[in-house]
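Here the structure comes first, spelled out in structure tokens, and everything after it is commentary.
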């Protein structure tokens, strides 16, 4: 028989609360932050026919948080008739990116090869970013489906980052840093990001210095963006679970401190 | 002598020359410089990467077989080897696109398993918060208050609470937190610079297996 | 082959683009100044002699951590994290500490387990540990099977190392390198299994997790100073001094830019 320790009860409490919140499915209206508005404005201000690179720089594990972020960005870009080039700098993001792009493209009646292409995965991310700065067709001679880039009309006028309006890195780790350090600083391409909530503070210095143009983060960022494009989604739905878990952690911190001070007082009175 | 050339001097010379070439190429926009960049980064690097994967797979298989023979974690080792074999087989026979078995395994086995491990983070954050955020001293109390404000501001509760809470949380994130982060980043940048130079100049040779 | 390729390219390219990209002049000047300072502090004899590094608690605890594992007859686990590859300075800095740790574990005949996500890191770590065992005078204590590749996938790697920690129950864990989201999973598992944990990374977000869950944390540049600190090599220690000189220069430039921007908000020279 396993003896349950305090951490097991903490885990159990979190599990029950999050599952309960997901079942309830209540959504809130939340205020839009400046950083989310900035990404929205960037995409909104691009002229029709501009080309963006959307890079799926994440693992399969973070899909519950990444998927709502990717969907809002894809929906907004396709609705503005912006052409998209999909890439992936992590192998596991490749299949996910392809499925999401195809799904949203179908919603907006976009045609593969003309309105969007998916170039797939390139190993060694730093090398891939630098190499795309020299030549995208040389870096990806074929698309994800194995079709030569010469047969993809969208890429006929795209040589390197000079022909791209910007890069949006959808990431769950530090890969966006490489886009900033190599893509933006070396080739001057405008880099924006859609990242998991835990990674947001990592990118704050880059955002403040302007090296990162715009950023949305976590379920909250997705929920804010869903509000901007007037479309519900997993971001809005997930906010209750997130709020409940935040309150739970706050309660744990308070309880932890009560336990700590009581133990301290007891120790003092004993001595 | 041959071993010294192969294991020490040779790699050191290659490291220095390529480091110098890529440093010089960085400051040039000339097509030749860019071509060298592409050749080194795309062709050479990718070829090396492909070979390293083979080393990884061989090591993994060796270790698994070794453990199976000794009866260590036999069940897990069999499952690992099964995964290692079955995914390439699926990929070779049916490809990796669309509705292929490879993608089915990816969507229905790999994604849920990875998401499960990722979700452990939430549980560990909860237990670490309970244990770690104690008001032991004044700095610890400041840290604790900042954490509470940030947690509230990133939830849906901010609308129901006074606006100064979200404002203070944003200020903490945008000023003291960012200042500290920048200072650490500058230190890391300079540390990376000196480490890289030590490696290029051969002062630091631990990466070749031996110290100076 | 490459020489021929370059010659052909040079011959056929009569590009009007200049060889030097003037947009990078400031970067070049900054790089040259940095390199000169590093070279001066490293090779100037009197500059090297005067220099001492302050005590770093995390590095002082290395020997205690290995001693604890030896006394408890349990292994030491060392992981470089999932985020880096061998060309990353953090990984190289991590290798420097590994070399020291491996030498000590070999001396004390303590098992050292090194799981990694990158085959190149694995190959380099094998060489580093083999050399360390030879240096310690016990080449026969080198166990190649304890330095192994587990998975390139982030959470595959995290699950594998977490499993190792739970099963092997190492007395001491070194989490030194580039970490991402797996950091808290590994550090908390180590904490639950009551291991002494020494961590260090260049990832600022993961530092906060390590501070909560580990016993000692090397913050950012301390990781890079570790090699000199542990080996007491004068050349390496001197290059650490270069970092401080550069830091002072950067701080002075920052103060100058702040004053300038305050007096003349329209000025732009400092925004290069």
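Residue numbers (the numbering used here), protein chains in the order written: chain A, 1 to 271; chain B, 272 to 483; chain C, 484 to 755. From the three backbone atoms N, C-alpha and C, an ideal C-beta is built for every residue, glycine too.
What residues of chain C sit near residue i, judged by a beta carbon separation below 8 Å?
i	result
residue 173(A)	566, 637, 663, 664
residue 59(A)	636, 637, 638
residue 396(B)	667
residue 457(B)	730, 733
Whole-angstrom Cβ separation of residue i and residue j, contact assumed at under 8 Å?
i	j	result
residue 388(B)	residue 721(C)	Contact flag wrong, Cβ pair sits at about 43 Å.
residue 687(C)	residue 33(A)	The Cβ separation is near 21 Å, so there is no contact.
residue 709(C)	residue 576(C)	6 Å
residue 130(A)	residue 333(B)	Not really, about 34 Å apart at Cβ, beyond 8 Å.
residue 30(A)	residue 224(A)	6 Å
List, in chain order, every chain A residue whose beta-carbon is nearer than 7 Å to that of residue i.
i	result
residue 437(C)	Here chain C has residues from 484 to 755 only, and residue 437(C) is not among them.
residue 381(B)	60
residue 253(B)	Outside the shown range of chain B (272 to 483) lies residue 253(B), about which nothing can therefore be said.
residue 309(B)	131, 134, 135, 138
Residues of chain C with CB closer than 7 Å to the CB of residue i, please, in chain order.
i	result
residue 199(A)	688
residue 92(A)	636
residue 323(B)	602, 603
Counting only Cβ pairs nearer than 9 Å, list the residues of chain C close to residue i.
i	result
residue 131(A)	Chain C residues near residue 131(A): none, gap ~15 Å exceeds 9 Å.
residue 468(B)	517, 518, 521, 522, 525, 722, 725
Give the range of the beta strand (DSSP E) segment to which residue i is assigned.
i	result
residue 757(C)	Here chain C has residues from 484 to 755 only, and residue 757(C) is not among them.
residue 117(A)	116-121
residue 300(B)	Here residue 300(B) belongs to no beta strand (DSSP E), and DSSP marks it neither H nor E.
residue 166(A)	166-171
residue 53(A)	51-57
residue 599(C)	595-599
residue 194(A)	191-195
residue 373(B)	Where residue 373(B) is concerned, there is no enclosing beta strand (DSSP E), although the alpha helix (DSSP H) it sits in stretches over 372-376.
residue 632(C)	630-632
Which chain B residues sit within Cβ distance under 9 Å of residue i?
i	result
residue 257(A)	404, 405, 406, 415
residue 536(C)	Neighbours of residue 536(C) on chain B: none; closest Cβ ~13 Å, over 9 Å.
Kindly indicate the opening and closing residues of the alpha helix (DSSP H) around residue i.
i	result
residue 751(C)	Where residue 751(C) is concerned, there is no enclosing alpha helix (DSSP H), given that its DSSP letter is neither H nor E.
residue 466(B)	447-471
residue 383(B)	382-403
residue 20(A)	6-24
residue 587(C)	572-590
residue 34(A)	34-45
residue 717(C)	717-746
residue 333(B)	316-341
residue 175(A)	175-178
Chain B partners of residue i, CB-CB under 8 Å?
i	result
residue 605(C)	326, 327, 330
residue 145(A)	368
residue 239(A)	426, 427
residue 86(A)	Chain B residues near residue 86(A): none, gap ~14 Å exceeds 8 Å.
residue 502(C)	299, 301, 304
What residues of chain B sit near residue i, judged by a beta carbon separation below 7 Å?
i	result
residue 511(C)	298
Run down chain A in chain order and give the residues with a C-beta less than 8 Å from the C-beta of residue i.
i	result
residue 393(B)	14, 18, 245
Self-check item: Stretch pair the region 654-665 of chain C + the region 66-79 of chain A: three plus CB contacts closer than 8 Å
Solution: Output reads no: the region 66-79 of chain A does not touch the region 654-665 of chain C.
(Q) Tell me whether the region 239-250 of chain A and the region 437-457 of chain B touch, counting them as touching only if at least three CB pairs, one residue from each stretch, are closer than 8 Å. (A) No, the region 239-250 of chain A is not in contact with the region 437-457 of chain B.
Are the region 546-554 of chain C and the region 612-624 of chain C touching by the rule of at least three beta carbon pairs closer than 8 Å? Touching, no, given that fewer than three Cβ pairs across the two stretches are closer than 8 Å.
_Restricting to runs no shorter than 4 residues, where is the alpha helix (DSSP H) found entirely within the region 204-252 of chain A?_
Every unbroken stretch of the alpha helix (DSSP H) spanning 4 or more residues and falling wholly within the region 204-252 of chain A is given here in chain order: 218-228.
> Counting pairs of Cβ atoms below 8 Å between the region 596-614 of chain C and the region 322-331 of chain B, do you hit three or more?
Replying inline: As far as the Cβ criterion goes, the region 596-614 of chain C touches the region 322-331 of chain B, which means the pair count is three or higher.
Does the region 591-598 of chain C come close enough to the region 557-574 of chain C to have 3 or more Cβ pairs within less than 8 Å? As far as the Cβ criterion goes, the region 591-598 of chain C touches the region 557-574 of chain C, which means the pair count is three or higher.
Determine, using beta-carbon pairs with one atom in the region 64-74 of chain A and one in the region 223-236 of chain A, whether at least three such pairs fall under 8 Å. By the Cβ rule, the region 64-74 of chain A counts as touching the region 223-236 of chain A, because three or more pairs are nearer than 8 Å.
* Asked: Where in the region 71-108 of chain A do unbroken runs of the beta strand (DSSP E), each at least 3 residues long, occur, reported from the N-terminal end onward?
  -> 83-88, all fully within the region 71-108 of chain A.
- [ ] Evaluate the contact criterion for the region 160-180 of chain A versus the region 42-60 of chain A: three or more CB pairs, one atom per stretch, below 8 Å.
- [x] Enough Cβ pairs lie closer than 8 Å, so yes.
| field | alpha helix (DSSP H) runs contained entirely in the region 652-712 of chain C, provided each spans 4 or more residues | value | Counting only runs of 4+ residues, the alpha helix (DSSP H) found wholly inside the region 652-712 of chain C occupies 665-675, 687-696, in chain order.
key: Segment contact, 8 Å Cβ cut-off, at least three pairs: the region 665-680 of chain C with the region 410-421 of chain B   = The region 665-680 of chain C vs the region 410-421 of chain B: no contact.
Taking contact to mean at least 3 C-beta pairs separated by less than 8 Å, is the region 470-480 of chain B in contact with the region 277-284 of chain B? The region 470-480 of chain B, when compared against the region 277-284 of chain B, does touch it at the 8 Å Cβ threshold.
Worksheet item: Do three or more CB pairs link the region 379-397 of chain B to the region 631-645 of chain C at distances below 8 Å?
Response: Yes: the two stretches touch, three or more of their Cβ pairs being nearer than 8 Å.
query = Does the pairing of the region 399-413 of chain B with the region 685-703 of chain C give three or more beta-carbon distances under 8 Å?
reply = Yes: the two stretches touch, three or more of their Cβ pairs being nearer than 8 Å.
Practice prompt. Counting only runs of 4+ residues fully inside the region 520-560 of chain C, write out the alpha helix (DSSP H) ranges in chain order.
Written response: The alpha helix (DSSP H) runs of length 4 or more contained entirely in the region 520-560 of chain C are, from start to end of the chain, 528-532, 540-555.
inquiry  = Could you check whether the region 672-690 of chain C touches the region 194-212 of chain A, counting it as contact only if at least three pairs of C-beta atoms, one from each stretch, sit closer than 8 Å?
reply    = In short, these stretches touch, since the Cβ pair count reaches three.
Next on the checklist: Check whether the region 205-217 of chain A and the region 19-37 of chain A are in contact - that is, three or more C-beta pairs closer than 8 Å.
Outcome noted: They touch, by the three-pair rule.
*asked:* I'd like to know if the region 119-126 of chain A and the region 101-110 of chain A are in contact, where contact means that at least 3 CB-CB pairs between them fall below 8 Å.
replied: Taking a cut-off of 8 Å on C-beta distances, the region 119-126 of chain A does not touch the region 101-110 of chain A, as fewer than three cross pairs fall below it.
(message) Would you call the region 146-159 of chain A in contact with the region 93-100 of chain A, where contact means no fewer than 3 C-beta pairs closer than 8 Å?
(response) When C-beta atoms of the region 146-159 of chain A are compared with those of the region 93-100 of chain A, fewer than three pairs fall below 8 Å, so the two segments do not count as touching.
Exercise. Decide yes or no for the touch test of the region 503-511 of chain C against the region 287-303 of chain B: beta carbon pairs closer than 8 Å, at least 3 of them.
Key: Judged by Cβ distances under 8 Å, the region 503-511 of chain C makes contact with the region 287-303 of chain B, as three or more pairs qualify.
Contact between the region 423-433 of chain B and the region 714-733 of chain C: three or more CB pairs below 8 Å? Because the criterion of three Cβ pairs below 8 Å is not met, the region 423-433 of chain B and the region 714-733 of chain C do not touch.
Taking one C-beta from the region 724-737 of chain C and one from the region 453-464 of chain B each time, how about it: are there three or more such pairs within less than 8 Å?
Segment contact: the region 724-737 of chain C against the region 453-464 of chain B, three or more CB-CB distances shorter than 8 Å; contact assigned.
Only counting runs of 3 or more residues, tell me where the beta strand (DSSP E) segments fall wholly within the region 116-163 of chain A, in order along the chain. Entirely contained in the region 116-163 of chain A, the beta strand (DSSP E) runs reaching 3 residues are, in chain order, 116-121.
| said: Can you confirm whether the region 129-143 of chain A touches the region 155-166 of chain A when touching is taken to mean that 3 or more C-beta pairs between the two stretches lie within less than 8 Å? | reply: With a cut-off of 8 Å on Cβ pairs, the region 155-166 of chain A is in contact with the region 129-143 of chain A, counting three or more such pairs.
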